[in-house]
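What follows is one structure encoded as structure tokens, with my remarks underneath.
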Amino acid sequence: MISIGVVSKPHGIKGEVRVHPFQDCSDIFRTGRKIVLNLDGIETEAEIIQLRSHSGVFIVKFNGVDDRNGAESLRGAECLIKEDDIPEREDGSFYAFQLIGLEAQNLDGRYIGIINDVLESPGQRLIVIDADGREVLIPEVPEFVKEIDWKSGCIKIAPIEGLLD
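First residue of the sequence shown? That's 506 in the working numbering, and the numbers climb one at a time after it.
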């Protein structure tokens, strides 16, 4: 299961909640989508029946949640989706979480480390690589990221001189 957001608090009195989507997962949320809500280790399937964007968050109405008390009971729930249910992007791009766990190599195939996070920044995303206990940040731009081989689980990086020293 992939974490795509979190329920922060109720919105109004008709069972709506505010959901903060994680990183680049906002396009996964849509009316009719079934997700899993995880609250304190208890997982419940929920269908989004209404959805609108408001100030960087979503106002979501889940099937069966009809009042503020029901919405309050969802406070803090993690929103999850099965990896197989994640839609492919039409433009060929990928979600940040899909990079996590890939092996980073330089262009010669030499091991750099494992990607353990992707950070959003104003200019571009930053790929966080655990390089033998040292954190290396690589901008996710074509000048640095040269190739992603999904089958072998590898990403080819062209680091600037001194970046990996």
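Cβ coordinates follow ideal geometry from the N, Cα and C atoms, glycine included.
Please report how far the alpha carbon of residue i lies from the alpha carbon of residue j, in whole angstroms.
i           : j           : result
residue 531 : residue 656 : 26 Å
residue 522 : residue 649 : 40 Å
residue 572 : residue 518 : 5 Å
residue 659 : residue 567 : 38 Å
residue 593 : residue 608 : 22 Å
residue 545 : residue 506 : 16 Å
residue 587 : residue 540 : 8 Å
residue 661 : residue 653 : 6 Å
residue 508 : residue 667 : 35 Å
residue 570 : residue 638 : 45 Å
residue 634 : residue 599 : 18 Å
residue 559 : residue 612 : 43 Å
residue 619 : residue 610 : 9 Å
residue 579 : residue 524 : 10 Å
Run the CB neighbour count on residue i, radius 10 Å, all protein chains shown included, and call it buried at 16 or more, exposed below.
i           : result
residue 629 : exposed
residue 616 : exposed
residue 614 : exposed
residue 665 : exposed
residue 516 : buried
residue 537 : exposed
residue 547 : exposed
residue 636 : exposed
residue 520 : buried
residue 604 : buried
residue 561 : exposed
residue 581 : exposed
residue 606 : exposed
residue 624 : exposed
residue 642 : exposed
Please determine, among the options, the residue with the shortest C-alpha to C-alpha distance to residue i.
i           : options               : result
residue 621 : 602, 527, 512 and 554 : 602
residue 646 : 638, 632 and 556      : 632
residue 513 : 535, 563 and 626      : 563
residue 584 : 596, 576, 556 and 549 : 549
residue 565 : 543, 644 and 511      : 511
residue 640 : 579, 524, 669 and 627 : 669
For the putative contact between residue i and residue j, defined by C-beta atoms under 8 Å, what is the C-beta separation to the nearest angstrom?
i           : j           : result
residue 527 : residue 553 : Actually they do not touch by this definition, with Cβ atoms about 16 Å apart.
Counting only runs that start and end within the segment 539–592, where is the alpha helix (DSSP H) found for 4 or more residues in a row? With a minimum length of 4 residues, the continuous alpha helix (DSSP H) runs that stay inside the segment 539–592 are 573–577.
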